[in-house]
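Novice: After the structure tokens below, expect a handful of questions from me.
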Amino acid sequence: MNDKKTKELVKELEDTFPEIYDRINYGLYVLVIDENGKIYDDESEPGFNEDDIDEVQVIYNGDAVSAFPSFKGKCTFNAYAIKYENLDVITKVIGIIGKHFKNWKELN
Numbered sequence: 309m310n311d312k313k314t315k316e317l318v319k320e321l322e323d324t325f326p327e328i329y330d331r332i333n334y335g336l337y338v339l340v341i342d343e344n345g346k347i348y349d350d351e352s353e354p355g356f357n358e359d360d361i362d363e364v365q366v367i368y369n370g371d372a373v374s375a376f377p378s379f380k381g382k383c384t385f386n387a388y389a390i391k392y393e394n395l396d397v398i399t400k401v402i403g404i405i406g407k408h409f410k411n412w413k414e415l416n
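Mapping of the sequence shown onto the working numbering: residues 309 to 416, in sequence order.
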């Protein structure tokens, strides 16, 4: 399966946050999950379908926000208490996700 749009999203996050991206316990980690629970770039579970995104989890220094596309040009967010010092990075990541999702035909 060609996951070009997801690759572009992840690449922009890696380029924007090169010092902290893909560090689970002390940095930024993003999980793109399809409707079947498959996670992008997880070789142990092939079959990810980028045309059917269910959730994007953003985890930064232990704080988490999830974005759920509604397939109507909108998305819903779920977040719990987030440290003030983590808001800057998390909101930038959400902005990048939104920029990609608004041009993602299958999500609109």
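Glycine included, C-beta positions come from ideal geometry on N, C-alpha and C.
What residues are listed by DSSP as bridge partners for Tyr288?
Specialist: Shown here, the chain extends from 309 to 416; a query on residue 288 therefore has no answer.
Novice: Tell whether a beta-carbon distance below 8 Å holds between Ile390 and Asp371.
Specialist: Yes. Within cutoff.
Novice: Quick check on Lys410: buried or exposed, where buried means 16 or more other Cβ atoms within 10 Å of its Cβ?
Specialist: Answer is exposed; the Cβ neighbour count stays below 16.
Novice: Whole angstroms is fine: what's the gap from Ile341's alpha carbon to Ile361's?
Specialist: Using only the alpha carbons, I get a separation of about 6 Å.
Novice: What does DSSP give as the partner residues of Ile347 in its beta bridges?
Specialist: In the DSSP output, where bridge partners are listed per residue, Ile347 has Ile341.
Novice: Have a look at Asn394, Val397, Leu321, Gln365 and flag the residue whose alpha-carbon is nearest the alpha-carbon of Cys383.
Specialist: Selected option, being the one with the closest Cα: Gln365.
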